[in-house]
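Scroll down for the structure; my scribbles are underneath it.
Protein chains in written order, with this note's numbering: chain A, 12 to 169; chain B, 434 to 722.
Okay, structure coming up:
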């Protein structure tokens, strides 16, 4: 059964239909052709599909597309301001936190949600914020460095 | 696949009366969406998230009431929960990842009736009850009688869990939830043990011990023989050892990809010992004699 979904994605109103069994990730990638959020485990374990849903990071692969109705969603496509990258994106590049890059959009959305919650995250806040994101390349240290750098830059400390 | 978005409990019950046998209730979706993709698609989805009034944590008499749609993150970030029911708070805190905690609901974790459901052993030791809505009225079922097998619970295919009622633990009691998994985050528990221990007023003997075991039987269970063994006695080293071994014998774990049955029994023994030791110390200020 097809469901009509009226939602806001990256500040734009969107209206489209999808089958009731469609996940939010499938809706983004296959219906709206927004390929930035990544399909990886498809079971809510790896975080590559993370988007911000009403201010909170969630796994879009295990969220019903129908639940986007009336919601405010931010995806990786919504972060850069034209050619100017979001500070979290820039920090990931500057610290070398990106290797193959497949997990990166999900990480960046988790970190964006963290830095929206707090401008001075503790090590524990950081570890909690990205505990649902898996990276198989970097060994995580560079990612944590990137998060500290992004937090410091966004708060004007560096 | 049919899709329903009931706007009230009575509307949901009407849909369940017609379609409960083939349709699935969905809330957060973190389990049901995985089933749709990797197992089989149900005949329909009944999305209950649009029903108002099923979310939130509130004090009611000498206990808390939690709406079935309350997310695990809401439980984890509730100061009231952390203060009053730390055993359940701990389970919410150790639950999967932040992304999952933001969407998964306590009602979903309960009605999934997975033996390894993170909140279930804590609910068992807290003597919590499920408030269920049926077409012919409401029922309040203690969680000790709620779970009937993997995926099977008292809500059946026509009932709806609306609320969880949790009385405050006895004065002077201390509780703990211990989870054994390979990774700190995300992993499903190989074993989860909840212990709630109440000493007598003189803090000399165990007045009441409640032990909940998760992931080691077809349903989460209370280790009732172990609880009976402990009642009325001081926690001496020999008793602790005997109780831990008895708890392991009360479990009936399976071999699966997460661990062998034998290993799980060892872990039940170790976590029961650790849980009793910790709660005894915290509640009496005494070491195990």
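Cβ atoms here follow ideal geometry from the backbone N, Cα and C, with glycine treated the same way.
- Counting every other CB atom within 10 Å of its CB across the protein chains shown gives residue 674 of chain B a total below 16, marking it as exposed.
- Listed along chain B, no residue sits closer than 7 Å to residue 86 of chain A by beta-carbon distance, the nearest being about 14 Å off.
- In the structure shown, the three-state DSSP call for residue 573 of chain B is strand.
- Shown in chain order are the members of the region 36-64 of chain A whose Cβ falls below 7 Å from a Cβ of chain B: 53, 54, 55, 56, 58 and 61.
- For residue 71 of chain A against residue 60 of chain A, the beta-carbon gap comes to about 5 Å, under 8 Å, which counts as contact.
- If you draw a straight line from the Cα of residue 490 of chain B to the Cα of residue 520 of chain B, it is about 16 Å long.
- Secondary structure note for residue 113 of chain A: it is in no alpha helix (DSSP H), with a DSSP letter that is neither H nor E.
- Under the criterion of beta carbons closer than 8 Å, residue 600 of chain B and residue 500 of chain B do not qualify as touching, at roughly 17 Å.
- Taking 7 Å as the upper bound on Cβ-Cβ separation, chain A lies near residues 535 and 536 of the region 534-565 of chain B.
- In this structure residue 69 of chain A is not in contact with residue 19 of chain A, their Cβ atoms being roughly 15 Å apart against a cut-off of 8 Å.
- Nearest neighbour of residue 651 of chain B by Cα position, chosen from B/641, B/710, B/580 and B/609, turns out to be B/580.
- Straight-line measurement puts the Cα of residue 502 of chain B at about 9 Å from the Cα of residue 484 of chain B.
- Neighbourhood of residue 470 of chain B in chain A, by CB distance below 7 Å: 53, in chain order.
- For residue 45 of chain A, the closest of A/105, A/116 and A/103 by C-alpha to C-alpha distance is A/116.
- Secondary structure at residue 538 of chain B: strand, using DSSP grouped into helix, strand and coil.
- Setting aside the 5 residues that flank it on each side, residue 97 of chain A is surrounded in the same chain by 90, 91, 119 and 123, each with a C-beta closer than 8 Å to its C-beta; the list follows chain order.
- The C-alpha of residue 608 of chain B lies about 49 Å from the C-alpha of residue 28 of chain A.
- Around the beta carbon of residue 23 of chain A, fewer than 16 other beta carbons sit within 10 angstroms, so the residue counts as exposed.
- Counting only runs of 4 or more residues that sit fully inside the region 637-671 of chain B, the alpha helix (DSSP H) segments are 657-663, in chain order.
- Annotated three-state conformation of residue 720 of chain B is coil, per DSSP.
- Put simply, the backbone Cα of residue 556 of chain B is about 28 Å away from that of residue 138 of chain A.
- Under DSSP, residue 593 of chain B takes part in a beta bridge, and its partners are B/566.
- Using a Cβ distance threshold of 8 Å, residue 143 of chain A and residue 532 of chain B count as a contacting pair.
- Among the residues of the region 63-79 of chain A, those with a Cβ less than 8 Å away from any Cβ of chain B are 64, 67, 68, 69, 70, 72, 73, 74, 75, 77 and 78, in the order of the chain.
- Any Cβ of chain B closer than 8 Å to the Cβ of residue 31 of chain A would place that residue at the interface, and such an atom is present.
- For residue 688 of chain B, none of the residues of chain A pass the 8 Å Cβ criterion, the least Cβ distance being about 22 Å.
- Listed in chain order, the alpha helix (DSSP H) elements of length 4 or more contained wholly in the region 45-124 of chain A are 98-106.
- In the displayed model, residue 526 of chain B falls within a helix according to three-state DSSP.
- Not one beta carbon of chain B lies nearer than 8 Å to the beta carbon of residue 26 of chain A.
- Residue pairing from DSSP places residue 437 of chain B in a beta bridge opposite B/479.
- When Cβ-Cβ separations below 8 Å define contact, residue 14 of chain A makes contact with chain B.
- Of the other Cβ atoms in all chains shown, fewer than 16 fall within 10 Å of the Cβ of residue 569 of chain B; this residue is therefore exposed.
- Residue-level contact check: residue 474 of chain B touches chain A, since one or more beta carbons of chain A fall below 8 Å from its beta carbon.
- With distances taken between CA atoms, residue 147 of chain A lies nearest to A/113 out of A/113, A/95, A/75 and A/54.
- Under the DSSP definition of a beta bridge, residue 490 of chain B partners with B/499.
- In the structure shown, the three-state DSSP call for residue 17 of chain A is strand.
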